[in-house]
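These protein sequences, in sequence, are chains A and B. Under this note's numbering, the first residue of the first sequence is numbered 728, with each subsequent residue one higher. Under this note's numbering, the first residue of the second sequence is numbered 254, with each subsequent residue one higher. First comes the structure, then the notes that go with it.
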Amino acid sequence: DAKTTQPPSMDCAEGRAANLPCNHSTISGNEYVYWYRQIHSQGPQYIIHGLKNNETNEMASLIITEDRKSSTLILPHATLRDTAVYYCISQEGSNFGNEKLTFGTGTRLTIIP
Amino acid sequence: DTGVSQDPRHKITKRGQNVTFRCDPISEHNRLYWYRQTLGQGPEFLTYFQNEAQLEKSRLLSDRFSAERPKGSFSTLEIQRTEQGDSAMYLCASSSPYRGNSEAFFGQGTRLTVV
């Protein structure tokens with residue numbers, strides 16, 4: 728079973744920042760937070776992951792609370808192509824590669840023109 | 254780097270028939286995963302390989318399902334005696350444990366419809 732909870736849906740205006748919350752209150756010390764997204768009819772796409780520090784890459788920023796019980800994915804300037812289902816996953820990870828991912832039902836983000 | 258390739262993209266089969274799907278991972282990725290996704294749900298883990306060894310199988314993988322990765326490169330997923338409940342998107346992913354990150358790359362999936 729998924730160990731994260733996310734709102735089922737969100738809307739965001741095009742050009743604005745999209746902030747997607749995720750609760751992972753039972754996360755353990757060696758579990759990372761991963762974010763993937765799935766655009767309609769495609770396979771999931773990796774976005775970002777982190778352990779306890781905030782992370783940023785060319786796609787998004789990940790803000791993890793100090794107690795690590797929740798996080799927020801930020802898409803700084805949402806475009807219509809960011810409309811997708813976004814999955815937050817807490818999972819053991821290591822420099823030795825991904826283990827299996829346990830997906831929940833995610834947040835359906837709709838970017839509104 | 255051509256990405257993870259899955260074939261076919263769509264398959265319609267009659268109940269009771271056998272079907273086989275193929276996945277070609279990113280070259281040099283030694284980990285390969287199969288997932289199944291039904292409408293409105295997130296992907297569910299089925300099995301994974303490290304090189305040619307099948308290291309874990311989900312309880313979702315009934316006796317009618319078999320996966321192979323004979324030479325540690327491409328993989329096949331076979332479903333015998335298909336049932337309507339097998340209708341789903343079957344996704345393949347690959348990753349490398351030597352890249353220093355934990356990113357899994359997914360293919361476009363094979364959509365199976367059992368009629």
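Here a beta-carbon is modelled for each residue, glycine too, at the ideal position from N, C-alpha and C.
- Between Cys739 (chain A) and Ile816 (chain A), the beta carbon gap of about 21 Å keeps them out of contact (Cβ cut-off 8 Å).
- Listed along chain B, the residues sitting closer than 9 Å to Thr832 (chain A) by beta-carbon distance are Gly293, Gln294 and Gly295.
- Rounded to whole angstroms, the separation of the alpha carbons of Ala357 (chain B) and Ile279 (chain B) is 10 Å.
- Shown here, Arg364 (chain B) sits in a strand according to DSSP, grouped into three states.
- Think of a sphere of 7 Å around the beta carbon of Tyr814 (chain A): the chain B residues whose beta carbon falls inside it are Gly295, in chain order.
- Chain B has a Cβ within less than 8 Å of the Cβ of Pro771 (chain A).
- Per DSSP, Phe830 (chain A) lies in no beta strand (DSSP E) segment and is marked neither H nor E.
- Distance between Ile791 (chain A) and Thr731 (chain A), taken at the CA atoms: about 13 Å.
- Around the beta carbon of Asp794 (chain A), fewer than 16 other beta carbons sit within 10 angstroms, so the residue counts as exposed.
- With respect to Ser798 (chain A), Cys749 (chain A) sits close: the two C-beta atoms are nearer than 8 Å.
- Boundaries for Ala805 (chain A): no beta strand (DSSP E) harbours it, and the DSSP string shows neither H nor E there.
- With distances taken between CA atoms, Ser326 (chain B) lies nearest to B:Glu305 out of B:His263, B:Leu365 and B:Glu305.
- In this structure the stretch 260-279 of chain B does not lie against the stretch 774-788 of chain A, because fewer than three pairs of beta carbons, one per stretch, are closer than 8 Å.
- Residue nearest to Thr829 (chain A) within the set A:Ala744, A:Tyr761 and A:Leu747 is A:Tyr761 (criterion: CA-CA distance).
- Under the 8 Å criterion on CB atoms, Ala320 (chain B) is classed as non-interfacial with respect to chain A.
- Runs of the beta strand (DSSP E) lying entirely within the stretch 265-295 of chain B, each at least 3 residues long, are 272-277 and 284-290 in chain order.
- Rounded to the nearest whole angstrom, the CA to CA distance from Lys264 (chain B) to Glu819 (chain A) is 34 Å.
- Looking from the CA of Gln259 (chain B), the closest CA among B:Ser340, B:Asn283 and B:Ser328 belongs to B:Ser328.
- By the criterion of a C-beta distance shorter than 8 Å, Pro803 (chain A) is surrounded in its chain by Ala744, Ala787 and Ser788, once the five residues flanking it on both sides are discounted.
- Contacts with chain A at 8 Å (Cβ-Cβ) do not include Ala306 (chain B).
- Residue environment for Leu313 (chain B): exposed (fewer than 16 other C-beta atoms within 10 angstroms of its C-beta).
- A distance below 8 Å separates the beta carbons of Thr335 (chain B) and Arg268 (chain B).
- Thr834 (chain A) places its beta carbon 8 Å or farther from that of Gln765 (chain A).
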